[in-house]
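Report on the structure given below.
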Amino acid sequence: MNDYTMIKVLILVEHYLPGYKSGGALRTIVNMVEHLGGEFDFWIIASDRDSGDDVSYPNICVDQWNLIGDTHVYYLSPEQRSLSNIGSLICKTHHDILYLNSFFDPVFTIRPLLARRIRKLPQRPVILAPRGEFSEGAINLKKWKKSGYMLLANIMGLYKNLVWQASSDFEVNDIHRNMRIVESQVVVAPDVLQHLKPLNDNKIFHCRLTTEPLKICFLSRISPIKNLDYALLILSKVSVSIIFEIYGPIEDKIYWSLCQSIIKTLPSSVKVNYKGCVENNHVNDMFRNYDLFLFPTKGENFGHVILESILAGTPLLIANTTPWRNLEKLGIGWDFPLDRPDEFITAIENVASIGKNEYMKLRSRVRNYGEKEVNDSSILDANRQLLLKVSVDNK
């Protein structure tokens, strides 16, 4: 047993294992528990079902604590998500730190903070990680509704006296742009990365032939912020043959209908298939089957799916709205502003023309870069120090 074991961290996050359809917050918490679970005592309160599902996960006990691996997880049913019930559950669960993983989540952030505001929670330090919700692309979706809530929250002092976790310097700027907080309240602790899965060369070096259509994939939730419609409009203008395959849960059915209407207008040289959801443990295998990952997202605080592509050796073509920047200089892909669609088109056509040997070298560079990122001990240490500092400052 080490010095950190006594620090108990109560995490509230909308989705946790065995879920796989939601965004990066789930992956970040899973990675944190895997890497730091031997140093901190993590307890988790999450939804009893995956994103978009109407039924609970199988083989769990709803509205009680479950032991998932070495971690205690409380799967909360919709019937038990009232302010009083959540406040009571938090009070009954001893903890040294309360760790929230959204700004706008009405159940797993706003209700706990309301309970805290009316002094129904024990006085414990709170860490809040907005997980990219303040990026320009994210904040512009339902902007007036979000602006009204932020104004009201500031008036109520709902977010006073807590520590903000930013995953990058970009997110620090996003937080300051939207909230009236002092600089010392924001701590940069990048999203904890996954364990590196060993691959042999045959799996890394998916090799394409220039005589075949370029295989491009998109993996994310089907929602406006992920910008699938932009990707489809880009593909409508390329001059090479494309197979474009889409993975991810349909979060916004109206938006998906818009995307389907664009698909119907694409030229015959672009074949599109919707492949549904892919479980986390199959993502790496999926990426290895593609020549390029196209992801023109409007904003990511980190982008775990980008790292997944890198670890599979699949080159990237993404928007410059994520912390993954200067990809062309690194030799692993491209990141462009969304107001320059011609650059996306040119990049796709250039990849299609790359010969076998050059393409194999490109995949090798991508994978090697991913190995360096995953083995960066400073990321894990930043999260460790955040938890330690918050706990110590409260004593």
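Be aware that the sequence shown starts at 181, since it is given in my numbering, and climbs by one per residue.
Ideal Cβ placement from N, Cα and C applies to all residues, glycine included.
Spatial distance of residue i from residue j (CA atoms)
i    : j    : result
S262 : V287 : 8 Å
L197 : S236 : 12 Å
M212 : L560 : 8 Å
K323 : I426 : 27 Å
L497 : G204 : 19 Å
Y549 : F475 : 19 Å
E480 : F222 : 25 Å
V352 : T273 : 31 Å
A369 : S448 : 46 Å
H195 : W514 : 31 Å
H275 : L412 : 47 Å
Y279 : D519 : 37 Å
E316 : I442 : 25 Å
F424 : E508 : 22 Å
A248 : I414 : Looking at the sequence shown, residue 248 is not Ala but Ile. Roughly 43 Å separates the two Cα atoms.
P521 : D228 : 41 Å
Q244 : N341 : 30 Å
A527 : R296 : 50 Å
W409 : M186 : The question names Trp, but residue 409 in the sequence shown is Asp. Roughly 48 Å separates the two Cα atoms.
F283 : N537 : 47 Å
R505 : D465 : 25 Å
L332 : H462 : 42 Å
Y254 : K325 : 31 Å
V452 : S558 : 40 Å
Y184 : I534 : A caution first: Y184 carries a pLDDT of 44, below 50, which makes its placement in the model unreliable, though a value can still be read off. Going from the Cα of Y184 to the Cα of I534 covers about 51 Å.
P517 : C439 : 21 Å
Q303 : F350 : 31 Å
T251 : L216 : 11 Å
L294 : V554 : 37 Å
I298 : K541 : 59 Å
Y454 : G337 : 44 Å
K569 : Y539 : 46 Å
E523 : A318 : 23 Å
C-beta contact flag for residue i and residue j at 7 Å
i    : j    : result
L399 : I422 : no
L472 : I396 : yes
R545 : I512 : yes
L301 : I270 : yes
V176 : E529 : Outside the modelled stretch of the chain, which goes from 181 to 575, sits residue 176, for which no answer is possible.
I225 : L192 : yes
V420 : A532 : yes
N563 : V372 : yes
G483 : T502 : yes
Y200 : N407 : no
Q260 : A309 : no
S202 : S231 : yes
N358 : F314 : yes
T445 : Y470 : no
Range of the contiguous alpha helix (DSSP H) that encloses residue i
i    : result
F350 : 349 to 358
N246 : Segment 245 to 248 is the beta strand (DSSP E) holding N246; no alpha helix (DSSP H) there.
D522 : 521 to 533
T208 : 204 to 216
G346 : Residue identity check: residue 346 is Ala in the sequence provided, not Gly. Here A346 belongs to no alpha helix (DSSP H); instead the beta strand (DSSP E) covers 343 to 346.
F288 : Per DSSP, F288 belongs to no alpha helix (DSSP H) and is neither H nor E.
A309 : Here A309 belongs to no alpha helix (DSSP H), and DSSP marks it neither H nor E.
W514 : It is not in any alpha helix (DSSP H) - W514 instead sits in the beta strand (DSSP E) that spans 513 to 516.
Y435 : 433 to 443
K569 : 557 to 573
K509 : 507 to 510
I414 : 408 to 415
I298 : Neither: I298 is in no alpha helix (DSSP H) and is coded neither H nor E.
I405 : Premise fails: I405 is in no alpha helix (DSSP H) and is neither H nor E.
I319 : 316 to 319
N464 : 463 to 468
Residue i: first and last residue of the uninterrupted beta strand (DSSP E) it sits in
i    : result
S227 : 221 to 227
Y427 : 422 to 427
K552 : Segment 536 to 554 is the alpha helix (DSSP H) holding K552; no beta strand (DSSP E) there.
A333 : A333 -> not in any beta strand (DSSP E); alpha helix (DSSP H) instead, spanning 323 to 336.
N453 : 450 to 454
V367 : 366 to 368
I191 : 188 to 192
C397 : 394 to 399
L474 : 472 to 475
Whole-number beta carbon distance between residue j and residue i, since they are thought to touch under 8 Å
i    : j    : result
S416 : V450 : 7 Å
P292 : V343 : Between V343 and P292 the Cβ distance is about 15 Å, and since that is not below 8 Å, they are no contact.
I277 : I307 : 6 Å
I405 : T289 : The Cβ separation is near 18 Å, so there is no contact.
E214 : H375 : 7 Å
R468 : P429 : Actually they do not touch by this definition, with Cβ atoms about 22 Å apart.
R547 : L491 : 7 Å
V210 : L567 : Actually they are not in contact, since the Cβ atoms of V210 and L567 sit about 16 Å apart, beyond 8 Å.
Proximity test, Cβ basis, 7 Å: residue i and chain C
i    : result
V306 : This model lacks chain C altogether, as it is built from one protein chain only.
(request) For the region 248 to 283, list the alpha helix (DSSP H) runs that are entirely contained and at least 4 residues long, ordered along the chain. (result) 263 to 272
(request) Entirely within the region 477 to 510 and at least 3 residues each: give me those beta strand (DSSP E) ranges in chain order. (result) 496 to 499
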